[in-house]
Amino acid sequence: MKELSSTYNSKETESKIYQKWLDSGYFNPDNLPGERTKPFNIVLPPPNVTGILHTGHALMLVIQDILIRYHRMSGFKTLWLPGTDHAAIATQSKVEAMIYKTEEKTRHDLGREEFLKRVEQYAQESHDTIIEQTKRLGSSLDWSREAYTLDDARNLAVRTAFKKMYDAGLIYRGNRMVNWDPKMQTTVSDDEIEWKEEISPLYYLKYGPFTIATARPETKFGDKYVVMHPDDKRYSEYTHGQQIELEWINGSVKATVIKDETIDMEFGTGAMTITPRHDATDNEIAQRHNLDYEQIIDQKGKLLAIAGEFAGLHIKKARPLIIEKLQSKGLIEKIDEKYSHRIATNSRGGEIIEPQIMRQWFIDVNKEFELSSKQKLNFPTSEKATLKKLMRHAIESGLIKIYPEHFQKTYFHWINNLKDWCISRQIWYGHQIPVWYKGDEIYCDIEAPKDSGWEQDPDTLDTWFSSGLWTFSTLGWPDKTKDLELFHPTSVLETGYDILFFWVARMVLMTSYLLVDIPFKTVYLHGLIRDKDRQKMSKSKGNIIDPLGVIDTYGTDALRIALIFSTAAGNDIPLAEEKIKGMKHFANKLWNISRFILSNTDNFEAEIDMTKLTDPDKEILSKLKQSAGEITENIEGLRLNEAAQIAYQFTWHELADIYIEASKTQMQNPELAENTKAVLAKTLKTTLKLLHPFMPFVTEEIWSNLNQKNLLMIAEWENGDMM
RNA sequence: GGGCGAUUAGCUCAGUUGGUUAGAGCGCUUCGUUUACACCGAAGAGGUCAAAGGUUCGAAUCCUUUAUCGCCCACCA
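Sequential numbering from 3 applies to the first sequence in our numbering.
Following this line, the structure appears as structure tokens:
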């Protein structure tokens with residue numbers, strides 16, 4: 003009989019147990035014992051190498067580890083594939099900021115090669131930290147297959163994908179309006195824009211006989227069109243195309259009247275001037291009426307020659323000076339100081355977005371093409387495919403199921419509004435576009451052209467381009483590997499609902515074209531972690547719960563089960579320290595249950611004599627069977643919170659509170675003692691199995707005291723039917 | 001402007017396809033230190049399931065309307 007301390011010590015146990023798992027090799031599906039033909043696999047959504055893990059990561063790791071451990075115990079050939087994401091723009095901007103802060107140097111001061119070295123060094127350190135933290139959560143990931151979105155294998159996948167889509171005309175280069183970040187000097191995708199509420203003055207300017215309202219007077223130099231609604235009676239005397247000579251900021255201009263139905267008659271004066279090069283709505287109006295485009299602001303945010311005396315000034319500095327001039331010319335009618343509107347900013351650490359028309363690379367989501375093999379996707383053979391149609395089809399057809407289901411509607415809503423995806427970025431950290439130029443010639447291939455004189459496109463790809471390939475690039479694509487054949491499509495894609503669009507939709511897009519398949523069968527979306535008052539966690543509020551700190555205090559198992567215990571999929575999760583503390587008590591309870599049983603028996607293979615069962619014996623065995631069934635059913639149905647609650651309820655309030663108490667008297671009776679011990683042994687073993695996916699460390703540690711041949715992590719799952 | 005969701009015990013939340021007296025954790029009250037555990041045990045209080053109406057033998061669950069809150073998308077010069 004071993005002497006066990008009366009309190010479970012998570013700190014001492016966890017690193018020891020994790021090492022034991024690593025040594026066993028069972029994280030790798032190729033090493034699992036027995037005949038395993040059915041695959042189950044999840045690819046880890048790769049954390050960005052921009053820092054450390056937060057509770058959101060912890061939640062993701064816990065949910066996936068539960069599913070993985072459950073399936074591994076259930077006899078599946080189980081693979082959980084780890085990786086990290088280079089997160090192009092996010093990582094680069096972080097390193098740029100750090101370098102500027104300590105050395106006051108920009109990336110241009112360092113040069114592309116030196117700068118990339120520095121980014122890679124930072125990414126490596128960040129990677130190492132993240133991997134260590136991931137291990138501490140107990141994650142049973144197959145480290146032998148670890149991938150990085152920017153390593154050589156993934157780079158080959160990216161170049162191959164680009165080439166295929168380029169040849170099919172799905173990737174094109176074009177002049178279009180893009181979101182330009184003048185500070186970071188790059189384009190940004192629509193999804194990476196963050197709208198911020200701002201109160202700024204709205205200026206009412208005299209434009210000849212009209213009054214126009216604008217929040218951005220510094221863009222107004224080139225305005226030579228004044229637009230109004232055709233039904234607006236205030237302007238009925240003016241006709242479409244009429245030209246008017248008027249005095250403007252830098253002298254007189256010839257303005258043209260344009261009537262357009264998109265104008266809101268209620269707003270301001272009902273008349274506005276347009277700046278087609280720097281505003282998406284204005285751009286549409288200009289296109290519709292075939293108007294001239296003039297660039298006012300350059301890529302650094304400075305005014306061009308058209309601004310006259312203001313040329314070369316940054317728009318921020320120019321604005322007050324322009325206001326002054328407008329004042330002195332008497333062109334300001336009034337100023338509304340409390341105008342509230344929203345401005346676009348780059349969520350990846352940049353600043354205010356200036357829309358610009360630029361030549362960039364795009365993915366065409368509406369171009370029709372023939373699918374190479376329609377079978378796998380059940381796409382109607384009579385129809386031509388588009389990327390948009392395929393994205394919709396994968397969900398509509400039921401090939402991919404989304405949980406919770408209502409997110410399907412959100413998904414469709416997003417697809418319907420989807421525009422061509424701008425994939426080129428003018429940053430350095432990322433996959434460089436596999437296109438080379440020589441004069442007017444363009445060459446796109448997986449490898450660089452052999453002959454001289456070619457220059458590669460300096461731009462890199464949007465980070466989501468490589469993430470979109472993740473489910474199959476990690477399995478060896480474009481090579482036809484065994485892993486790819488066995489493990490694709492993946493079983494479950496588990497991630498936060500906040501990246502349904504960024505990532506989930508793009509994986510569907512890439513996979514349906516490149517593999518003519520789906521990337522995963524099930525999408526499971528979890529919610530955001532909030533504090534106990536439902537506030538978002540943020541540094542400024544000081545309400546952040548650091549998962550590693552919590553683990554030190556309460557143990558990994560406590561954190562794991564607290565994270566999933568009382569919230570259904572897709573809902574935000576309030577996480578209070580009290581809850582984690584409660585689960586530490588639960589781990590300790592389980593520890594002491596085991597201690598009691600171990601102090602009474604060491605034979606965990608004892609057969610139960612079914613003819614000699616007392617009422618409490620029958621009750622606990624039937625409750626055990628019932629709980630096992632319900633836990634299994636709930637895990638299968640992805641209701642992990644339900645499963646955990648049933649396990650908790652059984653362990654504490656059936657096994658501990660009722661049966662263990664009853665067993666004390668039964669064991670006094672020589673007639674019943676042996677059978678009671680057998681029931682205790684059997685119940686403990688099964689309970690440990692049922693709890694293992696949720697609390698792997700404490701259960702494995704107890705298991706190691708039960709004279710078992712194998713680790714608990716590969717013990718056979720009991721679903722209730724076999725009892 | 002378009003869409004999605006929430007509203008259940010003091011607090012935080014469960015409640016799968018409508019079916020017996022609506023559940024959990026924490027908190028609270030009273031009692032108890034019985035050799036697995038005080039990170040414990042026993043007993044208990046506490047909810048007209050946001051409001052109104054409807055469908056049904058039966059509604060927290062389905063339908064309609066309203067109120068409050070939250071999120072996503074689009075975006076107005």
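A virtual CB, placed ideally from N, CA and C, is assigned to each residue, including glycine. These numbers come from a predicted model, not from an experiment.
Euclidean distance between Cα positions of D464 and V525: One-based indexing of the first sequence puts residue 464 at position 462. One-based indexing of the first sequence puts residue 525 at position 523. Looking at the backbone, the Cα of D464 and that of V525 are separated by about 23 Å.
Rounded to the nearest angstrom, what separates M3 and Q21 at their Cα positions? Your numbering for residue 3 matches position 1 in the first sequence. Your numbering for residue 21 matches position 19 in the first sequence. Reliability of the predicted coordinates at M3 is poor, the pLDDT of 42 falling under 50, and the value obtained from them is presented with this limitation in mind. It is roughly 25 Å from the alpha-carbon of M3 to the alpha-carbon of Q21.
For the alpha helix (DSSP H) that contains I402, what are its first and last residues? On the first sequence, residue 402 is found 400 positions in, with the first residue counted as 1. In the DSSP annotation of this structure, I402 is not part of any alpha helix (DSSP H), being labelled neither H nor E.
For N602, which of P618, S665, L83, L615 has the nearest alpha-carbon? Indexing the first sequence from 1 puts residue 602 at position 600. Comparing C-alpha distances from N602 to each of P618, S665, L83, L615 shows the shortest one belongs to S665.
Taking Cβ to Cβ, would you say R532 is nearer than 8 Å to I575? Here residue 532 corresponds to residue number 530 of the first sequence, with the count starting at 1. Here residue 575 corresponds to residue number 573 of the first sequence, with the count starting at 1. Yes. Within cutoff.
What separation, rounded to the nearest whole angstrom, lies between the Cα atoms of Q434 and T104? One-based indexing of the first sequence puts residue 434 at position 432. One-based indexing of the first sequence puts residue 104 at position 102. Distance from the CA of Q434 to the CA of T104, rounded to the nearest whole angstrom, comes to 28 Å.
Thinking C-alpha only, which one of Y72, L389, E656 is nearest L81? To locate residue 81, count along the first sequence from 1; it is residue 79. Of Y72, L389, E656, the residue nearest in Cα terms is Y72.
Can you give the Cα-Cα distance for K390 and N177, rounded to whole angstroms? Position 388 of the first sequence, counted from the start, is the residue given in the question as residue 390. Position 175 of the first sequence, counted from the start, is the residue given in the question as residue 177. One Cα belongs to K390, the other to N177, and the distance between them is close to 21 Å.
According to DSSP, what are the bridge partners of L305? The sequence position of residue 305 within the first sequence is 303, counting from 1. For L305, which the question treats as bridged, DSSP gives the partners I299.
Round the Cβ separation of P232 and E263 to the nearest angstrom and send it over; I've been treating them as touching at under 8 Å. In the first sequence, the residue the question calls residue 232 occupies position 230. In the first sequence, the residue the question calls residue 263 occupies position 261. Their Cβ separation, rounded to whole angstroms, is 6 Å, which keeps P232 and E263 in contact under 8 Å.
DSSP three-state call for L83: helix, strand or coil? Within the first sequence, numbered from 1, the residue matching residue 83 stands at position 81. If DSSP states are grouped into helix, strand and coil, L83 belongs with the strands.
Out of L401, I354, E443, Y499, which one is the CA nearest neighbour of T412? The residue you call residue 412 lines up with position 410 of the first sequence. Among L401, I354, E443, Y499, the Cα nearest to that of T412 belongs to Y499.
State whether the region 391-400 contacts the region 366-383, with contact taken as three or more CB pairs (one from each stretch) at a distance under 8 Å. Judged by Cβ distances under 8 Å, the region 391-400 makes contact with the region 366-383, as three or more pairs qualify.
Are the region 222-238 and the region 250-258 touching, with three or more C-beta to C-beta distances below 8 Å? In short, these stretches touch, since the Cβ pair count reaches three.
Whose C-beta lies closer than 8 Å to the C-beta of F371 among residues of the same chain, with five residues either side of it excluded? One-based indexing of the first sequence puts residue 371 at position 369. Leaving aside the five residues that flank F371 on each side, the residues in its chain whose CB is nearer than 8 Å to its CB run, in chain order, A170, G171, L172, K386, A387, T388.
Comparing alpha-carbon positions, which option in K302, R109, A578, G572 lies nearest L502? Here residue 502 corresponds to residue number 500 of the first sequence, with the count starting at 1. Out of K302, R109, A578, G572, G572 has the C-alpha closest to the C-alpha of L502.
How many Å lie between M697 and L615 at the Cα? One-based indexing of the first sequence puts residue 697 at position 695. One-based indexing of the first sequence puts residue 615 at position 613. The C-alpha of L615 is placed about 31 Å away from the C-alpha of M697.
When the Cβ atoms of the region 40-59 are set against those of the region 10-25, are three or more pairs found closer than 8 Å? Contact between the region 40-59 and the region 10-25 is absent: fewer than 3 CB-CB pairs across the two stretches fall below 8 Å.
Can you pull the DSSP bridge partners for N43? Here the question's residue 43 lines up with position 41 in the first sequence. Answer is L81.
For Q670, the three-state DSSP class (helix, strand or coil): Residue numbering aside, residue 670 sits at position 668 when the first sequence is read from its first letter. Reduced to three states, the DSSP call for Q670 is coil.
Please determine, among R161, A564, E676, L600, the residue with the shortest C-alpha to C-alpha distance to G584. For this step, residue 584 is matched to residue 582 along the first sequence. Across the set R161, A564, E676, L600, the C-alpha of A564 shows the shortest separation from the C-alpha of G584.
Taking the DSSP output, what are the residues bridged to V180? Counted from its first residue, the first sequence places residue 180 at position 178. In the DSSP secondary-structure assignment, V180 is bridged to Q358.
Looking only at C-alpha atoms, which of H343, Q329, R344 sits nearest to I337? Reading the first sequence from its first residue, position 335 is the one you call residue 337. Residue Q329 is the option with its Cα nearest to I337.
Please determine if the region 134-141 and the region 94-110 are in contact, where contact requires at least 3 C-beta pairs separated by less than 8 Å. Counting Cβ pairs under 8 Å, fewer than three are found: no touch.
In the DSSP assignment, what residue or residues form a beta bridge with F371? As a working mapping, residue 371 is identified with position 369 in the first sequence. In the DSSP output, where bridge partners are listed per residue, F371 has A387.
Could you check where the alpha helix (DSSP H) with V229 kicks off and where it finishes? Within the first sequence, the letter at position 227 stands for residue 229. For V229, no alpha helix (DSSP H) run applies; the uninterrupted beta strand (DSSP E) run containing it begins and ends at 227-230, by DSSP.
Using the Cβ count rule (16 or more neighbours within 10 Å means buried), how would you classify I662? Residue 662 sits at position 660 when you count from the first residue of the first sequence. I662 should be labelled buried.
Counted within 10 angstroms of its Cβ, other Cβ atoms place P460 as buried (16 or more) or exposed: Here residue 460 corresponds to residue number 458 of the first sequence, with the count starting at 1. Flag for P460 reads exposed.
What's the gap between the Cα of Y168 and the Cα of Q135? On the first sequence, position 166 is the one that residue 168 refers to. On the first sequence, position 133 is the one that residue 135 refers to. So the two alpha carbons sit approximately 40 Å from each other.
Would you call the region 117-133 and the region 444-461 touching, i.e. three or more CB-CB distances under 8 Å? Remark: fewer than three beta-carbon pairs, one from each stretch, lie closer than 8 Å, so the region 117-133 and the region 444-461 are not flagged as touching.
Assuming I365 and D447 form a contact by the criterion Cβ under 8 Å, report the distance between their Cβ atoms to the nearest whole angstrom. Taking the first sequence and counting its residues from 1, one reaches residue 365 at position 363. Taking the first sequence and counting its residues from 1, one reaches residue 447 at position 445. Not really, about 18 Å apart at Cβ, beyond 8 Å.
Where does the unbroken alpha helix (DSSP H) through V510 begin, and where does it stop? If you number the first sequence from 1, residue 510 lands on position 508. Secondary structure note for V510: its alpha helix (DSSP H) is the uninterrupted segment 508-516.
Along the chain, which unbroken stretches of the alpha helix (DSSP H) at least 4 residues long are found entirely within the region 472-505? Runs found: 472-475, 484-489.
Relative to the alpha-carbon of T189, which residue among M360, P618, W456, A578 has its alpha-carbon at the smallest distance? Here residue 189 refers to the residue found at position 187 of the first sequence. Answer by Cα proximity: M360.
Give the secondary structure of H587 by DSSP, where H, G and I count as helix, E and B as strand, and everything else as coil. In the first sequence, the residue the question calls residue 587 occupies position 585. Judged by DSSP in its simplified three-state form, H587 adopts helix.
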